[in-house]
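There are 4 protein chains.
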Amino acid sequence: MTLTTLEKPVDRIPSAPNKASTMKALVYQAVGKKALVDCPKPKITAPTDAIVKITKTTICGTDLHILKGDLPSCQPGRILGHEGVGIVDQVGSAVTVFKPGDHVLISCVSACGKCVYCRKQMYSHCTTGGWILGNTIDGTQAEFVRIPHADMSLYPIPEGADEEALVLLSDILPTSFECGVLNGKVEPGSTVAIVGSGPVGLAALLTAQFYSPAEIIMIDLDDNRLEVAKRFGATSTINSSDGKAAEEVMKMTGKRGVDTAIEAVGIPATFELCEKIVTAGGHIANIGVHGKKVDLHLESLWDRNIAITTRLVDTVTIPMLFKTVASRKIDPKQLITHRFKLDKILDAYETFGHAAETKALKVIIET
Amino acid sequence: MTLTTLEKPVDRIPSAPNKASTMKALVYQAVGKKALVDCPKPKITAPTDAIVKITKTTICGTDLHILKGDLPSCQPGRILGHEGVGIVDQVGSAVTVFKPGDHVLISCVSACGKCVYCRKQMYSHCTTGGWILGNTIDGTQAEFVRIPHADMSLYPIPEGADEEALVLLSDILPTSFECGVLNGKVEPGSTVAIVGSGPVGLAALLTAQFYSPAEIIMIDLDDNRLEVAKRFGATSTINSSDGKAAEEVMKMTGKRGVDTAIEAVGIPATFELCEKIVTAGGHIANIGVHGKKVDLHLESLWDRNIAITTRLVDTVTIPMLFKTVASRKIDPKQLITHRFKLDKILDAYETFGHAAETKALKVIIET
Amino acid sequence: MTLTTLEKPVDRIPSAPNKASTMKALVYQAVGKKALVDCPKPKITAPTDAIVKITKTTICGTDLHILKGDLPSCQPGRILGHEGVGIVDQVGSAVTVFKPGDHVLISCVSACGKCVYCRKQMYSHCTTGGWILGNTIDGTQAEFVRIPHADMSLYPIPEGADEEALVLLSDILPTSFECGVLNGKVEPGSTVAIVGSGPVGLAALLTAQFYSPAEIIMIDLDDNRLEVAKRFGATSTINSSDGKAAEEVMKMTGKRGVDTAIEAVGIPATFELCEKIVTAGGHIANIGVHGKKVDLHLESLWDRNIAITTRLVDTVTIPMLFKTVASRKIDPKQLITHRFKLDKILDAYETFGHAAETKALKVIIET
Amino acid sequence: MTLTTLEKPVDRIPSAPNKASTMKALVYQAVGKKALVDCPKPKITAPTDAIVKITKTTICGTDLHILKGDLPSCQPGRILGHEGVGIVDQVGSAVTVFKPGDHVLISCVSACGKCVYCRKQMYSHCTTGGWILGNTIDGTQAEFVRIPHADMSLYPIPEGADEEALVLLSDILPTSFECGVLNGKVEPGSTVAIVGSGPVGLAALLTAQFYSPAEIIMIDLDDNRLEVAKRFGATSTINSSDGKAAEEVMKMTGKRGVDTAIEAVGIPATFELCEKIVTAGGHIANIGVHGKKVDLHLESLWDRNIAITTRLVDTVTIPMLFKTVASRKIDPKQLITHRFKLDKILDAYETFGHAAETKALKVIIET
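Residue numbers (the numbering used here), protein chains in the order written: chain C, 206 to 572; chain H, 206 to 572; chain E, 206 to 572; chain P, 206 to 572.
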């Protein structure tokens, strides 16, 4: 992809989809600048690669961060996007699980399956993978995408499945479930607070219910999102704009605090709120992407028997989540608020980027 | 105990030990001030109490903190000490496990066994117990001590056991083992760093070896203590006075970092060193008593899949540790460097308080 | 209690309830023989005892076993019953958690809280407790019952709670949950088979849903009970009377078998069915009370990476279950099919003992 | 490999090792019949294969079972052996971790890394692997072997390592550790009995010590092996030939029984001994390969809170064990009693097959 191309987005040349040598893609061009442009269609570069024709993708909060220039690992010229479902178009010679025509779910994390981290199920730290899609290699907001380590990084979609729902299994559901719910050790009868009622916090709210906690308190600044949280199963909500959320949580819990505090924002204030509301013996499970250090108040926490966890999603729970969707234990489509065609992806970004006004949660992009 | 008594230490009136109404005790009198004074012998105040005649006790780093005025929960007039072995002198009417004459080990933590925390094995947070001995009630640096919730807070010592070794099971061994080794999930073949080679860090070094880690790196500022660490089984040591400990650990571990970083000091610099050396997927297990907040660098740790734990010792592992001592899997007496009679306890404090010069680790006080 | 009394049931002498010296109770008189008789009201015999006035109790399958003479630990002359709720009437001098007038739930298992087993949360094996109520000491099918180790064996009922629902927390819910669901490691998306759709199997069906398994297959010989199972959330049912249950399960699971097989009957055939249907890496969780050995087919299971567990309920999950009932994550009252007054307890036994005809699950006895 | 070849063992044609088209190999020819014969050198048949030149291999008890005709999966004509170390000779096009010349340890279990079982770390049940070497495909008792799924089934040996010791990491150490020690949840201070003091039982004895149990009781019929057990760290031994082993264990443990009973023989009597000696709350960890069903005495075990586990080794702990060997936490070479050259492999079988007389544990075959 040349910068010339990037700077002059042109219409896509019409052609038979699988044979075209170019495709449309959403490219990060410079800080604050993106465009839907014509790019060369990706090619197999390793025998373990697959090329997937995207049918549905979505936009993540992280994509907005990239566009602001917050993630130096992702440089201008990059096709964004790390979520989606599609149809296998081509496979490398060492791919054995998939063949062209297979409908697949794409994990946001690529995993070789062989390295020291993959062997520990820490796919996020795969030495030749991890979160690279739409970050250090081209991503899914395009007509086609190259998926490295395809056998470990794609998941077969059985016939008849609702593919739109499965888009949410690429990243947001496993992220909220692994980093928030599993690390937070949510269990039957426990009390949970989720700080942040954006898409990830709401996904944590949905997946926390797999374990039947007694209470889920959602905390946010936006009344609309708290309203959504109630619909999604929150037992109570707190608008934290008055700075009294910690007091309110303590009041609600008889001064005890919560068994699990899930941080789903990524700023010091929300993490420090978790420190204030976690009960003795409880868990703080961080999901948020943090750009700054936070104050850890060990002077009050050193003797509280708490655990604080961090995690980049490993997507090891995709098969488990697949089963919960198939058996209707969860309806991820509740998170989808808008749908756009790929050629309207700039509108999709606009809608997703102004969530307070548009009430957008997840937006689906169809190709 | 009246303040008058406290301010005028007098010699102990000689008498038959079990019938005297007064006893000698080390009393915290004011910030920076302590004395061995005559005090009333403790009495049973609840049916679950026992009075224990102390045979051996010791001094903890926490006692020094109290004397500096660092722990407001402990007020002047208090008999210090929360460790020791002794002989049951009297029991309340509801005590069923012990009878006068039984040799017992005293847990530093008192536990009712019934409250919501005790039922979770979090004795440290017992609603009517926890760490109260030598803190909010009189302690063990005396001829006698009242032990509340005796059935749950004392442990029988079988005939023939080496009681001196067992003094170290009151606090230092379970503390280092529960807060450091168990929370840090040390396992066969793993790489451990222990920051702080004082008595607690060295106890962590000894108890970590229960799990056969491949490497244990001890870090301290004091070459003598690092020398001791080598004798106790450290596979390597780092004197961190040049500020390059983190770099050295990374070099030693092939840039990987350690699976478990145990913080055994209690200041921001040592905790932050742990943040720098923990590997992806690793554990930071805090043992240190912190008086200040620390910087938690979530901007670099949010995606590292780490766990940070804090804990006040619950002493739930005393029975397990008892068996390891009895079967000679560990020799806690290695930690004992000095012995004093109770009437020389001020000398014992002097020796323990100047460990750099005296090379003291644990000092035993015999009554 | 004299045998003369037992053999000549007389009407209860009317009197103010708390002051009477006799009470009505259901007594096991001889194999196959029981009666509602007047008995002396129980008295405090240890300082940790409480006397509880029963308000609601129930009958357990185990009571039927006792009446058949199957449990030699329970001898004639015994008041039966180990479940119930009531009001504290008197407490011993060492009881600190409860006072007369408190509404309480009675655990079927008595726990001292202090012994080696209680410290491991294995209350079922308490050296001075365990399952003794209505077994080796008089039980709850009476107007009053003496509860040893009251502080650890009773649970406070908050005002306004539905006490009838809580009767099911004495035994059947913790039994099915601890022995079946927890030991069976049911998890989101997993496939579960429950062999036996009687009250305990149905309780396992209800509590398994705390973990959102994808499939729960109920297996029984009685179509009515399978019908109930469907109403309670079974995703499929198998009537095993044709001897083809194993084949059917394998067909339903694509030849894979189930992740968790819960045995809730207690005979060799049902346990061996579990051996046939468990998948590689799966769990067989035994709840059933077995009177005979079973064939363990290690020649086919030795390399299947399975775990088989047994357990007598410890009731350690009563607090957790309490919260799930309070927060309406489960409605235990679905299991209640009939209600009787204490003076009709023989009718209650009749109804419960002929469940195939009466469709009885749990019957409540009110005093 | 043709049967003609098999029936007429001929001398190996001398040639440059890596270029010869034939090699020597130990072939299972018929029940009770084996020979060292010339066979075609194996070829890469899949892009994920590697050909390894064997430098050291060994004989397993399972090889003797195959020769008796006990394992129908292994048919005459098969080259035996599933353990060994060697040097990579050739790799398929999709092998990325290894290259010719690399020194490698061979896992007895081949793992694709991608299937549903491999993703759960259950390599033993890999849908295209598992234990196939020397079973359903040709094995390691040869000059060369083809290793499928090479990247996941070989482990790099660093320069300077003691390769002979590492032969024991192919099977016997991970088997005893995973199936016996890990499944048996051996822990500091616990009491362990190992039934069977053959090579696998002794390997369990060595690896159990990673967790510092207080007691390890070894049980066998052969006094020589019990003598070895004492040298290897057993705290006591029982010769069970008088049929009183269970009584003796109960006496040794104060009637309590053992926390962990490891079955390392594979016959009903030894498994049933484990049932008799396991304490309430304990674990029976089966390692033995069983050819018959056993009696599971649920009539006495249903209420004992025990866990019984079975497992075919997954070899997921090879990296962990590697580190324990490298750091000298264990010396596996203690298990090696004899060494032979490949052309004397029939003598090696003779020695290994008559262990009672030869006192053989593991025999090393060098090529």
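In this text, a Cβ means the ideal position worked out from N, Cα and C, and glycines have one as well.
Every value quoted in this text rests on a predicted model; they were computed, and no experiment measured them.
Asked	Found
For the region 236 to 269 of chain P, which residues have a beta carbon sitting closer than 8 Å to at least one beta carbon of chain C?	252, 253
For the region 329 to 343 of chain H, enumerate the residues whose C-beta is nearer than 7 Å to any C-beta of chain C, in chain order.	329, 330
To which residues of the same chain is residue 349 of chain C closer than 6 Å at the C-beta, ignoring the five residues directly before and after it?	228, 246, 247, 256, 258
Given a cut-off of 7 Å on the beta-carbon distance, is the pair residue 277 of chain P and residue 234 of chain P in contact?	no
Pick helix, strand or coil for residue 557 of chain P, following the three-state DSSP scheme.	helix
Between which two residues does the beta strand (DSSP E) containing residue 464 of chain H stretch?	463 to 468
Should residue 303 of chain H be flagged as near chain P, meaning a C-beta pair shorter than 7 Å?	no
What three-state label does DSSP hand residue 305 of chain P in the structure shown?	coil
In terms of residue numbering, what span does the beta strand (DSSP E) encompassing residue 293 of chain E cover?	290 to 296
Would you mind telling me which residues of chain H sit closer than 9 Å to residue 357 of chain E, beta carbon to beta carbon, in chain order?	318, 319, 324
Might you give, ordered along the chain, the residues of its own chain that have their beta carbon closer than 6 Å to the beta carbon of residue 481 of chain P, omitting 5 neighbours on each side?	451
Would you kindly check if the distance between the Cβ of residue 417 of chain E and the Cβ of residue 415 of chain C is under 7 Å?	yes
With 16 as the cutoff for other CB atoms within 10 Å, does residue 212 of chain H come out buried or exposed?	Residue confidence is low: residue 212 of chain H scores 37 on pLDDT, short of 50, so the model does not pin down where it sits. Its coordinate-derived value is still stated next. That one is exposed.
In whole angstroms, what is the alpha-carbon distance linking residue 438 of chain H and residue 422 of chain H?	10 Å
CB residue 315 of chain P to CB residue 519 of chain P, shorter than 7 Å?	no
Cβ atoms of residue 491 of chain E and residue 465 of chain E: under 7 Å apart, would you say?	no
Kindly indicate the opening and closing residues of the alpha helix (DSSP H) around residue 263 of chain C.	Per DSSP, residue 263 of chain C belongs to no alpha helix (DSSP H); it is in the beta strand (DSSP E), 255 to 263.
Counting only beta-carbon atoms, is residue 529 of chain H nearer than 7 Å to chain C?	no
Going by DSSP, what residues sit across from residue 228 of chain C in a beta bridge?	C/244
Could you give the distance in angstroms between the alpha-carbon of residue 506 of chain H and the alpha-carbon of residue 476 of chain H?	14 Å
Look up residue 349 of chain E in the DSSP assignment and give the residues it is bridged to.	E/258
Name, in chain order, the residues that DSSP records as bridge partners for residue 488 of chain P.	P/465, P/512
Sorted by chain position, which residues of the same chain lie with C-beta nearer than 6 Å to residue 510 of chain P's C-beta, five sequence neighbours on each side aside?	485, 486
Where residue 318 of chain H and residue 499 of chain C are concerned, what is the direct C-alpha to C-alpha distance, given to the nearest angstrom?	37 Å
Cβ closer than 7 Å: which chain H residues qualify as neighbours of residue 273 of chain C?	Under the 7 Å cutoff, chain H gives no residues; its nearest Cβ is about 15 Å from residue 273 of chain C.
Does any C-beta atom of chain P lie closer than 7 Å to the C-beta of residue 419 of chain H?	yes
Out of C/410, C/386, C/419, C/402, which one is the CA nearest neighbour of residue 395 of chain C?	C/419
Just grab the DSSP bridge partners of residue 283 of chain E for me.	E/233
Closer than 9 Å, Cβ to Cβ, to anything on chain C: give me those residues from the region 545 to 566 of chain E, in chain order.	none
Say whether chain E places a C-beta atom closer than 7 Å to the C-beta of residue 230 of chain H.	no
Along the region 505 to 526 of chain E, what residues have a CB closer than 8 Å to any CB found in chain P?	506, 507, 508, 509, 510, 511, 512, 513, 514, 515, 516, 517, 519
Quick one: give me the first and last residue of the beta strand (DSSP E) that residue 544 of chain H is part of.	541 to 546
7 Å is my cut-off, CB to CB: does residue 451 of chain H come that close to chain E?	no
Name the two residues that bound the continuous alpha helix (DSSP H) containing residue 482 of chain E.	473 to 482
Quick check: what's the CA-CA separation for residue 557 of chain E versus residue 522 of chain E?	26 Å
With DSSP collapsed to three states, give me the class of residue 218 of chain H.	Low per-residue confidence applies at residue 218 of chain H: pLDDT is 40, beneath 50, and the placement is therefore not dependable, though the value from the model is reported in the following sentence. In the structure shown, residue 218 of chain H sits in coil (DSSP, three-state: anything other than H, G, I, E or B).
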